[in-house]
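Chemist:
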Amino acid sequence: MTLRILRLGVLVACVLSSRCAAVNDAEAHQELRDTCASCAAQPEDPESGRMDGDFLEAVKRHILSRLQLRDRPNITHPVPKAAMVTALRKLHAGKLREDGRVEIPNLDGHPMSNEVLEESSEIISFAEKDDLVMSKSSLFFLISNEGNQNLQVTRATLWLYFKLLLPIVEPRGRRKVMVKVYYQEPGFGSKWDLVEKRVELRRSGWHTFTLTSAVRLAFETGTDRRQNLDIRCEGCETEGVVPVLLDLSDESHRPFLVVRARQAEGQHRIRKRGLECDGSNDLCCRQRFYIDFRLIGWNDWII
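Position in the sequence shown (from 1) plus 160 gives the number in our numbering.
(1) Just the Cα atoms here: how many angstroms apart are Arg433 and Ile284?
(2) I think Cys393 touches Val339, with their Cβ atoms under 8 angstroms apart; what is that distance to the nearest whole Å?
(3) Identify the residues that DSSP records as bridge partners of Met294: which are they?
(4) Please return the same chain residues whose Cβ sits closer than 6 angstroms to the Cβ of Arg385, not counting the five positions on each side in sequence.
(5) Could you tell me which uninterrupted beta strand (DSSP E) segments, each at least 3 residues in length, are contained entirely in the segment 351–418, listed from first to last along the chain?
(6) Evaluate contact between the segment 402–422 and the segment 317–324, counting only Cβ atoms and requiring at least three cross-stretch pairs below 8 angstroms.
(7) So, is Phe453 buried or exposed, given that buried needs 16 or more other C-beta atoms within 10 angstroms?
(8) Which residues in the same chain as Ile451 place their Cβ atom closer than 8 angstroms to its Cβ, once the five residues preceding and following it in sequence are excluded?
(9) Helix, strand or coil: which one does DSSP assign to Ser285?
(10) Tyr342 to Ser350, Cα distance in whole Å?
(11) Which value, in whole angstroms, describes the spacing of the CA atoms of Asp231 and Ser225?
(12) Exposed or buried, what is Leu371 when buried is set at 16 or more other beta-carbons lying within 10 Å of its beta-carbon?
(13) To the nearest angstrom, report how far apart Arg422 and Gln312 are at their CA atoms.
(14) What residue range is occupied by the uninterrupted beta strand (DSSP E) comprising Phe322?
(15) Excluding sequence positions up to five away, which residues of its chain have a Cβ less than 6 angstroms from the Cβ of Phe286?
(16) For Ile462, does the count of other Cβ atoms within 10 angstroms reach 16, so buried, or fall short, so exposed?
(17) Comparing C-alpha positions only, which one of Gln387, Arg358, Ser364 and Cys437 sits nearest to Val375?
(18) Thr398 to Asp291, Cα distance in whole Å?
(19) Going by C-alpha distance, which of Phe322, Cys437, Ile391 and Glu288 is nearest Arg363?
(20) Spatial neighbours of Asp390 within its chain, please: CB distance less than 6 angstroms, with the 5 preceding and 5 following residues excluded, ordered by chain position.
(21) Under a Cβ-count criterion, where at least 16 other Cβ atoms within 10 Å of its own Cβ denotes burial, should Val262 be classed as buried or exposed?
(22) If we ignore side chains and look at the alpha-carbon of each, how far apart do Val293 and Asp353 end up?
(23) Can you grab the Cα-Cα spacing for the pair Gln457 / Pro233, in whole Å?
(24) For Ser304, name the three-state secondary structure that DSSP assigns.
(25) Three-state secondary structure (DSSP) at Arg226?
(26) Using DSSP bridges, identify the partner residues of Lys336.
(27) Just mark Arg334 as buried or exposed, buried being the case when its beta carbon has 16 or more other beta carbons within 10 Å.
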């Protein structure tokens with residue numbers, strides 16, 4: 161009888177010990193979550209579809225906030241092929257870094273330094289039409305500041321598509337035209353300046369025009385970064401050349417403006433360094449998360 165009571169006492173002690181250990185582990189886990197904001201944001205159950213859905217929604221909101229958007233854009237027109245080709249060529253020529261980023265070569269073919277890579281931005285804007293302006297040669301661009309008021313423009317390039325009409329009598333050689341791009345300086349009562357370029361065409365295609373001075377002035381004078389342009393082409397009608405400006409039937413050749421900018425001098429951002437999660441410690445850490453945009457249905461506007 162005494163032996164049975166002794167065995168029962170040992171069994172009860174083991175049960176109480178295991179329950180206390182479980183409670184202590186739970187309390188320690190809860191204490192860690194209370195003291196670590198990033199740890200508390202992780203899903204409790206990795207197999208829970210509801211938590212995964214909440215996490216993906218948080219990722220969507222984060223992406224939109226970084227792009228200064230409230231909702232995903234409504235893509236009703238195709239992106240110009242030249243813009244797509246330019247972006248894909250840069251990605252193809254880039255070098256994959258150890259941290260997962262793509263190192264894009266500079267215009268001379270050499271990779272940019274880490275400092276320039278961190279502080280440079282490339283902003284692509286597409287031409288818009290002002291309903292109050294009757295001229296068919298007028299258009300404008302609204303240039304984003306990428307959420308940074310201290311950007312310095314290093315280069316701005318206008319891309320225009322020129323279409324060659326079929327010759328009426330016989331095949332012709334190179335067609336030479338003079339393209340004049342008038343741009344309006346910022347401010348009320350501002351004047352119009354001119355950038356002109358002689359273009360030789362053998363076939364339909366894209367041509368570039370440097371507007372660095374115009375866009376740089378727009379960035380330096382204030383937050384209203386609207387660039388008004390007026391495109392004139394001397395000799396186009398005679399040579400059978402048509403500059404495609406804003407044609408609803410030809411949205412794939414819509415003009416676009418590529419602006420390369422970098423952080424202004426003396427306005428360097430403070431970089432935050434975080435501890436990467438590697439499983440070697442119990443400190444709060446940053447877990448890298450990779451998402452396939454096809455899973456959230458955003459592959460139609462993110463490339």
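Yeah, the Cβ is synthetic: ideal placement off N, Cα and C, and Gly gets one too. Remember, predicted model here, so these are calculated numbers, not experimental data.
Modeler: Checking against the coordinates, here is how it stands:
(1) Low confidence applies to Arg433: its pLDDT is 47, below 50, so where it sits in the model is not reliable enough to give any reading.
(2) Contact flag correct, Cβ pair sits at about 5 angstroms.
(3) Beta-bridge partners of Met294 (DSSP): none assigned.
(4) Excluding sequence positions up to five before and after Arg385, its CB lies within less than 6 angstroms of the CB of Ile303 and Ala378, all in the same chain and listed in chain order.
(5) Counting only runs of at least 3 residues, the segment 351–418 fully encloses the following beta strand (DSSP E) elements, listed from N- to C-terminal order: 352–361, 365–370, 386–394 and 401–404.
(6) Short answer: they touch.
(7) Counting the other Cβ atoms within 10 Å of the Cβ of Phe453 gives fewer than 16, which makes it exposed.
(8) Here Ile451 has Leu216 and Val219 as same chain residues with Cβ atoms under 8 angstroms from its own Cβ, once five neighbours each way along the sequence are excluded.
(9) Secondary structure at Ser285: strand, using DSSP grouped into helix, strand and coil.
(10) Cα atoms of Tyr342 and Ser350: separation of roughly 12 angstroms, rounded to the nearest angstrom.
(11) The straight-line gap separating the alpha-carbon atoms of Asp231 and Ser225 is approximately 9 angstroms.
(12) Per the 10 Å Cβ criterion, buried.
(13) Spanning the two alpha carbons is a distance of roughly 5 angstroms.
(14) Here the beta strand (DSSP E) through Phe322 covers Leu311 to Leu324.
(15) Excluding sequence neighbours, Phe286 sits near Arg414 and Phe416.
(16) Its Cβ having fewer than 16 others within 10 Å, Ile462 is exposed.
(17) Closest option to Val375, Cα to Cα, is Gln387.
(18) Rounded to whole angstroms, the separation of the alpha carbons of Asp291 and Thr398 is 29 angstroms.
(19) The option with the nearest alpha carbon to Arg363 is Phe322.
(20) By the criterion of a C-beta distance shorter than 6 angstroms, Asp390 is surrounded in its chain by Ser297, Ser298 and Tyr342, once the five residues flanking it on both sides are discounted.
(21) Because the pLDDT at Val262 is just 46, under 50, the model does not fix this residue reliably, and the point stays unresolved.
(22) Cα atoms of Val293 and Asp353: separation of roughly 19 angstroms, rounded to the nearest angstrom.
(23) In the sequence as presented, Gln is not what sits at residue 457; that position holds Gly. Cα to Cα, the separation comes out at about 12 angstroms.
(24) Judged by DSSP in its simplified three-state form, Ser304 adopts coil rather than helix or strand.
(25) Taken through DSSP and simplified to helix, strand or coil, Arg226 comes out as helix.
(26) According to DSSP, Lys336 bridges with Glu360.
(27) Around the beta-carbon of Arg334, fewer than 16 other beta-carbon atoms lie within 10 Å, marking it exposed.
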